[in-house]
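Take a look at the structure below.
2 protein chains.
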Amino acid sequence: MSDLLERLRDRGWRLTAQRRVVAEVLNGEHVHLTADEVHARAGRLLPEISRATVYNTLGELVALGEVIEVTTDGRAKRYDPNARKAHHHLVCTRCLTIRDVPAGAGDGTLPEDDRFGFAISGVEITYRGLCPDCQSGA
Amino acid sequence: MSDLLERLRDRGWRLTAQRRVVAEVLNGEHVHLTADEVHARAGRLLPEISRATVYNTLGELVALGEVIEVTTDGRAKRYDPNARKAHHHLVCTRCLTIRDVPAGAGDGTLPEDDRFGFAISGVEITYRGLCPDCQSGA
DNA sequence: TTTACTGCAAACCGTTTGCAGTTCC
DNA sequence: GGAACTGCAAACGGTTTGCAGTAAA
Numbered sequence: 000m001s002d003l004l005e006r007l008r009d010r011g012w013r014l015t016a017q018r019r020v021v022a023e024v025l026n027g028e029h030v031h032l033t034a035d036e037v038h039a040r041a042g043r044l045l046p047e048i049s050r051a052t053v054y055n056t057l058g059e060l061v062a063l064g065e066v067i068e069v070t071t072d073g074r075a076k077r078y079d080p081n082a083r084k085a086h087h088h089l090v091c092t093r094c095l096t097i098r099d100v101p102a103g104a105g106d107g108t109l110p111e112d113d114r115f116g117f118a119i120s121g122v123e124i125t126y127r128g129l130c131p132d133c134q135s136g137a
Numbered sequence: 000m001s002d003l004l005e006r007l008r009d010r011g012w013r014l015t016a017q018r019r020v021v022a023e024v025l026n027g028e029h030v031h032l033t034a035d036e037v038h039a040r041a042g043r044l045l046p047e048i049s050r051a052t053v054y055n056t057l058g059e060l061v062a063l064g065e066v067i068e069v070t071t072d073g074r075a076k077r078y079d080p081n082a083r084k085a086h087h088h089l090v091c092t093r094c095l096t097i098r099d100v101p102a103g104a105g106d107g108t109l110p111e112d113d114r115f116g117f118a119i120s121g122v123e124i125t126y127r128g129l130c131p132d133c134q135s136g137a
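Encoded structure:
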């Protein structure tokens, strides 16, 4: 995570308290927060951080490829800091929880005949189903 | 397509001019219109159709499983009438065109070990890349 | 000191909603 | 005739933007 801050500084970023806090909040595995959740958690560490700054920072992190934007439903985008290893998502159809699943070997290979001339640069796979808690009626 | 209208009537739908027109607009392969586009096209056939009715109708068609809601970007949802055969999507990263690709045999099989206890009910695969036109700079 | 960044507030876009009026069956 | 549907307009949630002020380098 401090890696992230270093990388950002190397790219000419000013390391402001706000950016530090956003980076902090996005630290971890299986983190898929909405911008609003990031704002709420960042606000616990730095009370006066504004929504606009959170949106700016998230947008910049996405542009730099440090964070992945995930839209598994029509609602708010979620921000996934696990950009360094290829993975897909498992989404609970009931509680909307998201889990990362490692990318498999055969993923993202579309037969030549089905490519319609597209030059494919990436694949996203979203598995949908009930998570263990929702299966047991929790 | 008239099949669709029959199916809807069988389910107790009132066949209003508005619904007929929305069904008409959604007819075809590789159709991935936004609600607004549906509204615009429907408006050419039935000038006074309202946005609310288009949204209502689209929502109902989705609930009935006749149309699939596709969110390939964070912007507007797109409505895909090709709900009868399983397929995935090829999305141009530049012009955002969408093409359907047939679902392959091995799609949607996630190794038991990677399921985290989820009961998987469906998979969506989105391939991203440049479409032929955008590759040639068109 | 300079210029990137922040916070505010207003605007924005896609979508949903409440309700009065209309129309299908 | 009655319930289902439509259209309007207002409200909504998530996101973006313009701009004056602040702070990192």
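Residue numbers (numbering that gives the first Met the number 0), protein chains in the order written: chain P, 0 to 137; chain X, 0 to 137. C-beta atoms are modelled at their ideal positions from N, C-alpha and C, and glycine is treated no differently. As the structure is a prediction and not an experimental result, all values here were calculated from the model.
Contact check for X:H86 and X:P101: beta-carbon distance about 6 Å, within the 8 Å limit, so the pair qualifies.
Interface flag for X:D9 against chain P is unset, since no Cβ pair is found closer than 9 Å. With fewer than 16 other Cβ atoms from the protein chains shown falling within 10 Å of its own Cβ, X:R50 counts as exposed.
Chain order gives no chain X residues near P:I97, where near means a beta carbon separation below 7 Å; the closest approach is about 11 Å. Sequence-distant Cβ neighbours of X:L129 in its own chain, meaning closer than 8 Å and more than five residues away, are C91, T92 and R93.
By the rule that beta-carbons nearer than 9 Å mark a contact, P:G73 touches chain X. Against X:P80, chain P offers no close residue; the least beta-carbon distance is about 18 Å (beta-carbon pairs closer than 7 Å). When C-alpha distances from X:R127 are compared across X:L3, X:D72, X:G11 and X:T52, the shortest belongs to X:D72.
P:D113 has a beta carbon lying within less than 9 Å of a beta carbon in chain X. DSSP places X:R127 in the strand class (E or B) of the three-state scheme. Against chain X, the beta carbon of P:C94 has no neighbour under 9 Å; the closest one sits roughly 11 Å away. Counting other Cβ atoms within 10 Å of its Cβ, P:K76 reaches 16 or more and is therefore classed as buried.
In terms of CA proximity to X:L63, X:R8 leads the group X:D132, X:E123, X:R8 and X:V122. In the displayed model, X:G73 falls within coil according to three-state DSSP, outside both helix and strand.
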